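Here the structure is laid out as structure tokens; the discussion comes afterwards.
In this note's numbering, the protein residues as written are 151 to 288.
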């Protein structure tokens, strides 16, 4: 059975909107945080331009390209999916694109079939480095 998840890249300005991505498999925290790391680090060739600010939109594009577009799609909102086991929120908090700790991550565990998201549990909230330490405890 696949571990379905959504990844919400939060808006960074009042004129923007959240971007939601649905991924059909590997949504458990170990897989999900790896996908997020790939999205934030981006392609190696992009990282040579350290003075270029990584935007939320670029991170979303990286998410798709680093995952080979496999079983991934934009979605209107995470609430559009009643079959989720996890959902992630990613928000940019700093400018240094190579410092993953300039992004905060929240991980929610959902009860399968809970279409109203009444029983979701926040199981992690912090920086990327803190999330790696959290995973080591699992």
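We put the beta carbon where it would ideally sit given N, CA and C, even for glycine.
Bear in mind that the values here come from a model prediction, so they are computed numbers and not experimental data.
How big is the Cα-Cα spacing for residue i and residue j?
i, j, result
"residue 164", "residue 288", "36 Å"
"residue 214", "residue 262", "25 Å"
"residue 221", "residue 154", "10 Å"
"residue 278", "residue 244", "13 Å"
"residue 265", "residue 205", "31 Å"
"residue 242", "residue 258", "18 Å"
"residue 156", "residue 249", "23 Å"
"residue 177", "residue 235", "7 Å"
"residue 223", "residue 171", "6 Å"
"residue 253", "residue 207", "14 Å"
"residue 189", "residue 226", "20 Å"
"residue 256", "residue 285", "13 Å"
"residue 187", "residue 275", "15 Å"
Check residue i in the structure and name its three-state DSSP category.
i, result
"residue 228", "helix"
"residue 281", "helix"
"residue 237", "strand"
"residue 197", "At residue 197, the pLDDT of 48 sits below 50, so the modelled position is not reliable; the number obtained from the coordinates is stated separately. If DSSP states are grouped into helix, strand and coil, residue 197 belongs with the helices."
"residue 266", "coil"
"residue 287", "helix"
"residue 161", "coil"
"residue 215", "helix"
Which residue or residues does DSSP assign as beta-bridge partners of residue i?
i, result
"residue 275", "256"
"residue 223", "172"
Let's test the definition: count the other Cβ atoms within 10 Å of the Cβ of residue i and tell me whether it reaches 16, buried, or not, exposed.
i, result
"residue 310", "Outside the displayed range of the chain (151 to 288) lies residue 310, so it cannot be described from this structure."
"residue 237", "buried"
"residue 268", "exposed"
"residue 282", "exposed"
"residue 272", "exposed"
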